[in-house]
Every structure is written in C-alpha cells, then in structure tokens.
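Residue numbers (our numbering): 966 to 1615.
Glycine residues also receive a C-beta, built at the ideal position from the N, C-alpha and C atoms.
From a predicted model like this one, the values you see are computed outputs, not experimental measurements.
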C-alpha cells in the first residue's frame, strides 16, 4: 500500500458556531417580552407537563456518589450537548452540570466525556454507541437526541433509541445508568402550550417507560420563560435551536431538581441490575456498529490510512477516481456509510448482492466552505439472517457546485455482524498478516534492558513456564490485544508463556492499591513478572510504588516492568512535551517512572520513544493507528506488540 497522501484541502472548520457574549450579557436586567405570550390556559397546560419522571432512577450513580467513588459521566447527543450557541464551552449545559455536581459533592471525582456530534440523531448514535460511549465504561450516560430525531418516523426512532439502551445495558461492562433529556426548539412551543410533548419526545418516552429510564424535560423550563413573556425566543436561542448562555443556564435549572431528588433518595447498598425486557421494536438496533474500511476489499483507486479532518473519524480511505470500488460482506438488516463531505465531494453508486448500480447523492450544496462528518443509509429492511454483499464506487459525474468527486470514507454502518477477514485463522498468522501491511519496526532494544529482570530472562530462555500479568487500563488492553506473547513464544520455544490481562477502564494504581485489590488483580495469578502501564496513572508514582510493595510482600520473587504511556489523546502532555529521552522538566511522569524503577529495582521500558518515533516516521497520520481518539486499532496494537517482542528478544 502506498504511503503517499491524496490532497485533502479542507480545513476542519468548527461545526458548532459560537456566540461572543458571556452569561451576564445574555441575561439583560429588563428582558424584552415575547411577541405573543401564552394565555393563562396555555400556561396551565404547560405546567401540567412533568418537569421530570424518575421511573427507576439512577441507583448505581447515586450509590457511587454517596460512596465518594470516581464516577464517569458520558454526554451522548447532538450539537446542543456539544455546546453550540454558547459563548464559551463552560457555559453549555454539559459543563454547567459537571461544575454543579462537583460543587454538590466535592469529595466525589466526576469524570465527564463529551460524546456529542452536531447534526446527528439516534440513528447514527446507535452505530457509534460503543466506539464513542461504551469503551469509556461510563457509570451514567445522559442521552440527548430528541431534537435531531425530529421528523424521523416513530418506528425508526424507537428502534435506534432501543439500540442505544440495549447496547449500554447488555454490552458495556460498567452497565451504566441512563438518563434521557429533551431540549427545546421554537417548533416545540405549540405542543408544549397545548400540554403535550412534541412527537419525538413522545417516542423517546415510550422507550424510557419500557426500560425504566428517567427523563428530564429541559425544554419545559425554557418554554416557561418564553411563553410567560419573561424571555424572547431570540434571547433563549438566536437561531431558534441552539441556546445562548442564558438558555443553557435554564437547562441547568431544569436538571437541578431531578438530581437533587436522586441524591436525597437512600442509595442502594449493592449494584442494581437494570431491566432489559424484550424490545419494543422488532428491529431494535442493538447490533449496530461501526465497521472499518480496513475490513473491506479496496481496489487500487483507493488510498487507505489517510488524514482525517474530523476527530470522530480517525482515518480515511480516499479516492477521486471514477469507478473505484469498495466491497464487503455482512449479515444484518441495514448498511450505510459514515464519511466526511465538503466542497469537493462527489456522488456514489452502490450495488447490493450483485444487483443493479444505484445512484447515491453524497454532495451537499450547503457544505461548501467546510468539512463535516456525514452518515447516510445505503440499504435497509434487509433479511438479517442472510449474508449480503455491498459494493460502492465513485460516480463519474461531478455534482453541480462541487470542486471534484472525492469520497473520504471512514466507516461502514452495519446493523448486524461482519466477519473479521482474519477471523478463524491461526492467531499468530493473523497478527503476522496485519503486521505485513505495515512499515517494519526497526527499533533496537538497549543492552541494559534486562536490568532487574534477570529471573525473567532466565525463565524465558530455559522454561519450563513463565507467567506475566499486565496491569492497567484500556491502553494496556491494546498492548495485550497485539498478542505479543505469541511472538515471544516463537522466540522462546523452551518456555510455556502465559499472559494474564488485569485491567479496568480509565484506571491506574491509585485504584488498584486500595481495598486489597492487588490480591485479585495480581497475587492470585502468581505471576513471575508484573507489567504496569497505561495512560490512567494520574502521575501517581507513590500509588505505583504501593502496588509494587503489596505484590512483592506476597510474591517475594516477583519482578516488575514499568511502561510509560503510549497512545491517548493527541493533545496529551506526553506528546505536547515529547522528548526523545525522559526529561523531568518536559514531562515529569515519564522521568519519575524511570526513577521509581531504579529505586524499587524494577525493569523499565521507555516505550513512549520508539512508539512515537515509529508513528512520526511511518508516513501516516497518528490517527491512522487508532480506532478512536484515544485507543489503538489493530495496526496500532501491532506497533506495541512488536516493540514488546523486541524488548524481550533473546
């Protein structure tokens, strides 16, 4: 595969234009009256709408807050959750709620995740649920899609919202609590003053009631101000959709009573298993997923691993050659594409199961000055029990108004199953197949790498067995996913090598050190080597030291290998202050970890340097080795795995 780039001339323009005023400027002392205040009867009808419905509540969230545990909160929605309309990020409802929660419970660590994409509803949300939310292992997911679902058929909305709920409750290890929130646009006012929820909110409420999910009608608080004449619609939302700072402040006021009641309810002493009844919809999208173009067959007209201008799509397959095709097989009820469009986008043609080619308009005449993510269905209502083959190709005709006919494809959208092209083959052959498509890792391990790892070296060389535990977060999981132990087994045929993965998402030794967790995560596996790494250590050197001491107290012959961070955000301090060698002034944690290894007589593998040097010299964008903004994809894992192999090589 070529390492050259097709030109991408689109700057990643802001998808969410922001106002310039701050909160005080958006709330004048004498607000202008609304053009047509509601009647007393209409205000009474509005008042009859519940501000929130508790249903089964947020029992696990409440318990964790009461116990002062770390609580991860994912905000899953469209442009309103993303903060469009606010003058500064801290004035959107997401940030306002986070700040308020911290004020109410200062001893609880709330970790927020922004999983919002402007202009997208629950249909795309069902496909991106795992990549954008599930992998975070959240404890609470706040879902806001009612505005963007406006105009969609009821059956489609219920199927996609159920898909989100069922994926979170069935597939996400943290089994998060869920909250639905409903925001306001001008078109909702007539329904609200008639005492009823707009249709899309009603669809969401059917799902909420079926699964016992609480909901907050944030729209009611804004409507009260507007319909009473205390605020104009323009003061609430200049474009009738995206709130000003004053509008977002009202959303916070709508959320406070709900969360106050959550916190005043006696929390459960144990984990509450949320109910997962039979779905309402026969087409509930619980199998919806993003499928990388890496799993497809591309002809020579496409270049993969290309730079993306949107963080939601890590990397792209790009072509502007008419007739260039991509194809793959799947089982499922629907298939679509998730790409980036802009002023030079062309149209597509697709064929299903060998049928006639059908035109798919992909150019958007309103997207002429910026690039944006774009999702569109290709085929729906398919027989999910049968295998289907989809082919797409670049249409030859240039759309009127477009500068070219580019397609920049990030994902296929599949509601069903897709076979990994390497599935079913020998695991060692599988990782060799992936690595064969990559530039080789040429790093040479230093001669002193075995310092404090002498027993490890001996057991690997002479056997009869060797066990290692990998302790950390999902980045350690990505390292493990490389199956580097198979490469080591090939290098050390005399020893039976066993790898044990002990991880918890977004977790470091600050958590493992307490409540005798070292016993279950390390000691019970009786390892010869403990490998500690990841990006979630919070720079807490003393916590790592504690885990080392606890482990050696029970296993006096245990050796320990410390790994500094790899992957993570491109904006991380590790990369913003990168140096070839650990530097305490540039990035203290990496240097302090090396110092800890010396003090505690541990091995130290400065994986940060060879990993980052490889990526910089690869000819590809950093995100070409990621499956999302943080984690490694299969190729990225192979970088880590081949480095581990070289570190341990005979």
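Could you tell me the distance, in whole angstroms, from the CA atom of residue 1180 to the CA atom of residue 1043?
17 Å
Taking the alpha carbon of residue 924 as the reference point, which residue from 1594, 1366, 1605 and 1569 has its own alpha carbon closest?
Here the chain has residues from 966 to 1615 only, and residue 924 is not among them.
Quick check: the Cα distance between residue 1104 and residue 1287, rounded to an integer number of angstroms?
47 Å
Here's the rule: buried if 16 or more other CB atoms are within 10 angstroms of the residue's CB, otherwise exposed. What is residue 951?
Given a span of 966 to 1615 for the chain in the structure shown, any question on residue 951 remains unanswerable.
DSSP on residue 1559, reduced to helix/strand/coil?
helix
Determine which residues share a DSSP beta bridge with residue 1180 and list them.
1018 and 1145
Indicate the three-state DSSP secondary structure (helix, strand or coil) for residue 935 in the structure shown.
Outside the displayed span of the chain (966 to 1615) sits residue 935, for which this structure offers no information.
Rounded to the nearest angstrom, what separates residue 1459 and residue 1136 at their Cα positions?
So the alpha carbons of these two residues sit roughly 39 Å apart.
Span separating the alpha-carbon of residue 1187 from that of residue 1194:
Those two C-alpha atoms are separated by around 11 Å.
The beta strand (DSSP E) spanning residue 1037 covers which residue range?
Where residue 1037 is concerned, the enclosing beta strand (DSSP E) stretches over 1036 to 1042.
Can you check the stretch 1144 to 1223 for any beta strand (DSSP E) of at least 3 residues that lies completely inside it and give the ranges in chain order?
1180 to 1182
Which residue's Cα is closest to the Cα of residue 1512: 1004, 1504 and 1483?
1483
Residues in its own chain within less than 8 Å of residue 1603 by CB, not counting five upstream and five downstream?
1396, 1399, 1400, 1403 and 1447
Measure from the C-beta of residue 1116 to each C-beta in chain E and report whether the shortest distance is under 8 Å.
In the structure shown, chain E cannot be found, because there is only a single protein chain.
Spatial neighbours of residue 1125 in its chain, beta-carbon cut-off 7 Å, leaving aside the 5 residues before and after
1087, 1088, 1090, 1091 and 1250
Across the stretch 1238 to 1246 and the stretch 1265 to 1280, are there enough close Cβ pairs to call them in contact, namely three or more that are closer than 8 Å?
no
For residue 1011, the first and last residue of its enclosing beta strand (DSSP E)
For residue 1011, there is no enclosing beta strand (DSSP E); the enclosing alpha helix (DSSP H) has its first and last residue at 1005 to 1012.
Do residue 1547 and residue 1563 count as a contact pair if the criterion is CB distance below 8 Å?
The answer is no: Cβ separation not under 8 Å.
Does the separation of the CB atoms of residue 1575 and residue 1408 fall below 8 Å?
yes
Does the Cβ of residue 1123 have 16 or more other Cβ atoms within 10 Å, making it buried, or fewer, making it exposed?
buried
The stretch 1295 to 1312 in contact with the stretch 1334 to 1342 per 3-pair CB rule at 8 Å:
yes
My assumption, with CB atoms under 8 Å, is that residue 1016 sits in contact with residue 1219. Please give the rounded CB distance.
6 Å
Please report the residue range of the beta strand (DSSP E) in which residue 1470 lies.
Unbroken run through residue 1470: none, as it is neither H nor E.
Proximity below 8 Å, CB of residue 1527 to CB of residue 1567
yes
Using C-beta distances below 8 Å, list every residue in its chain close to residue 1155, excluding the 5 sequence neighbours before and after it, in chain order.
none
When you compare only the Cα positions, how much space is there between residue 1477 and residue 1510?
11 Å
Going by beta carbon distance, what residues of the same chain come within less than 8 Å of residue 1610, once the five residues before and after it are set aside?
Correct list, in chain order: 1449, 1452, 1453 and 1456.
Measure the C-alpha to C-alpha separation of residue 991 and residue 1050 and round it to an integer number of angstroms.
Confidence at residue 991 is low in this model, with a pLDDT of 31, below 50, so the placement of that residue is unreliable and no value is reported for it.
Residues bridged to residue 1325 by DSSP?
Answer is 1313, bridged to residue 1325.
Just confirm the distance between the C-beta atoms of residue 1542 and residue 1552, as a whole number of angstroms; I'd bet it's less than 8 Å.
Between residue 1552 and residue 1542 the Cβ distance is about 4 Å, and since that is below 8 Å, they are a contact.
Could you compute how far the alpha carbon of residue 1461 sits from the alpha carbon of residue 1442?
21 Å
Could you tell me how far apart the beta carbons of residue 1549 and residue 1556 are, in whole angstroms, since I believe they sit closer than 8 Å?
Indeed they touch by this definition, with Cβ atoms about 4 Å apart.
How is residue 1437 classed by DSSP in three states: helix, strand or coil?
strand
I need the DSSP call for residue 1415, collapsed to helix, strand or coil.
helix
Would you call residue 1439 buried or exposed, if buried means 16 or more other Cβ atoms sit within 10 Å of its Cβ?
buried
How would you label residue 1054, buried or exposed, when you count the other beta carbons within 10 angstroms and need 16 or more for buried?
Counting of Cβ neighbours within 10 angstroms places residue 1054 among the exposed residues, the total staying below 16.
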